[in-house]
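With the UniProt record's numbering as the guide, the letters of the sequence shown map in order to residues 81 to 323. Data block below; observations after.
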Amino acid sequence: LGQRLIYKEQVTSTQIVAHDLARDGAEHGTVIVAREQTKGRGRMRRYWESKDGLGLWFSSILRPTGIEPKRASQLTLVAAVAIADYLSKYNLDVKIKWPNDLFINGKKLAGILTEMQAEQDAVEYIVLGIGINMNHDQQDLFESERNKATSLLLEAKQPFNLNTVLTELLFELEVKFDLFMSEGFSTIKGQWESYAYKLGEWVSVKTQTEWDAKICGIDEDGALMVMNQNHQVHHLYSAEILW
Ligand code: BTN
C-alpha cells in the first residue's frame, strides 16, 4: 500500500478524494493523506474531527480480486488488527471495539470507515479510511469528548511523527491484507478476538432497539456474536455497542 502516495494540505475528506480517484481508475494501493479535513466523516454519517496536523487522516483504495461484496466488511476487522498490532509495539494496551473503533484505556483513539463500490456481485473498489488521533493534548480534543477520546500523545506520553507512523502502518496493513487474501478471514479471527473490547462482559447494544448483551466474540464472517439475557446467541452484522 502507498506505492502511490498523495499528500494534501487540506481536503473536505480523504474518502471523497479517494472515491473520485478510484472512479477515474486509480490503481490498487493508492493512498491519500491530508493534514486537515474540513468534512471528515465517520461511521453512521457522523462528523470526524480532523484538525491540522494533529492526527493521521488517510484513505486507501483497494481493488481486491475475487472477493464477494459481503466480505468487504471483514476488511474493517483486518485493518483494525493491523493497527492494534502496530500500536502494541509502543506498549499500549489496545482494544478493538467491534466493528471499527480502536480503544486505549476505555477511550477512543482511532476509527476505520470502509466504503465499497460494487456492481452486481463483484467488488469494484473499496475505500478504506483510517483516522488516528496522534498529537492532541487535552485542549485539542473536543470538550464534549474529553472523557471519551484520547490520542497517542496522551497515552504513550511522547509525540509521534506522522510520516513515520504512516509508512510503518501501511506496511503492517499490507502484510495483513495479503494474509487475508491468501488464507481467508479465519487466520485473522483469533487475532481479532485477542484484542476484543469487553469480551465476556455485558454491554448495551443498539440494533433496532437497545438491549443488554454479553460479547462472545466474532464468527467466521466477522459478525459480532452476543448473548442475550435468555442465553440466546445472536450474530450481529450491523449494530452499535454503546459506551
Ligand atoms: C469512525 O470512527 O466512525 C470512523 C472514522 C474514520 C475517519 C477517517 S479519517 C480519514 C478518512 N477520511 C474521512 O473523512 N474519514 C476517514
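Note that beta-carbon positions come from the ideal geometry of N, C-alpha and C, so glycine has one too.
Pair within 8 Å by beta-carbon distance, residue i and residue j
i: leucine 249; j: isoleucine 163; result: yes
i: arginine 143; j: tyrosine 205; result: yes
i: valine 283; j: tryptophan 291; result: no
i: arginine 121; j: serine 153; result: no
i: valine 161; j: isoleucine 298; result: no
i: arginine 115; j: glutamate 89; result: yes
i: glycine 109; j: leucine 81; result: yes
i: serine 229; j: lysine 188; result: One point to set straight first is that residue 229 is alanine, not serine, in the sequence displayed. Their beta carbons are under 8 Å apart, which means alanine 229 touches lysine 188 by this criterion.
i: leucine 246; j: phenylalanine 240; result: no
i: glutamine 95; j: glycine 209; result: yes
i: isoleucine 295; j: valine 313; result: no
i: serine 231; j: asparagine 243; result: no
i: isoleucine 112; j: threonine 156; result: no
i: leucine 172; j: glutamate 235; result: yes
i: asparagine 310; j: alanine 293; result: no
i: aspartate 165; j: glutamate 252; result: yes
i: valine 255; j: alanine 102; result: no
i: threonine 289; j: alanine 319; result: no
i: phenylalanine 260; j: valine 158; result: yes
Among the options, nearest to residue i - alpha-carbon criterion
i: serine 130; options: Pro179, Thr145, Ala190 and Val111; result: Ala190
i: serine 140; options: Met196, Asp132 and Tyr170; result: Met196
i: glutamate 300; options: Gln309, Gln288, Leu316 and Gln218; result: Leu316
i: lysine 177; options: Asn310, Gly302 and Val203; result: Gly302
i: glycine 186; options: Ala159, Met124 and Ala276; result: Ala276
i: valine 203; options: Cys296, Phe138 and Pro149; result: Pro149
i: lysine 278; options: Gln288, Ile321 and Thr244; result: Ile321
i: asparagine 213; options: Cys296, Phe138 and Arg84; result: Phe138
i: phenylalanine 183; options: Glu199, Leu259, Asn227 and Arg151; result: Asn227
i: glutamate 107; options: Lys119, Leu85, Met261 and Met124; result: Leu85
i: glycine 146; options: Gln117, Ala198, Gly280 and Leu304; result: Ala198
i: valine 91; options: Asp100, Thr118, Gln83 and His99; result: Thr118
i: residue 75; options: Leu134, Phe257, Gln83 and Thr194; result: Given that the chain is displayed from residue 81 to residue 323, the structure contains no residue 75 and the question cannot be resolved.
i: serine 274; options: Asp258, Asp217, Ser168 and Gln200; result: Ser168
For residue i, three-class secondary structure by DSSP
i: residue 380; result: Residue 380 is absent from the model: the chain starts at 81 and stops at 323.
i: residue 354; result: It is not possible to answer for residue 354, since the shown part of the chain is limited to 81 through 323.
i: alanine 236; result: helix
i: glycine 191; result: strand
i: lysine 88; result: strand
i: leucine 242; result: helix
i: glutamine 271; result: helix
i: lysine 256; result: helix
i: glutamate 300; result: coil
i: leucine 250; result: helix
i: threonine 110; result: strand
| field | Within the stretch 113 to 181, ranges of the alpha helix (DSSP H) (whole runs, at least 4 residues) | value | Listed in chain order, the complete alpha helix (DSSP H) runs (minimum 4 residues) inside the stretch 113 to 181 are 152 to 168.
| request: Jot down the residue ranges of each uninterrupted alpha helix (DSSP H) in the stretch 196 to 229, minimum 4 residues, whole runs only, in chain order. | output: As far as the stretch 196 to 229 is concerned, it has no whole alpha helix (DSSP H) run of at least 4 residues.
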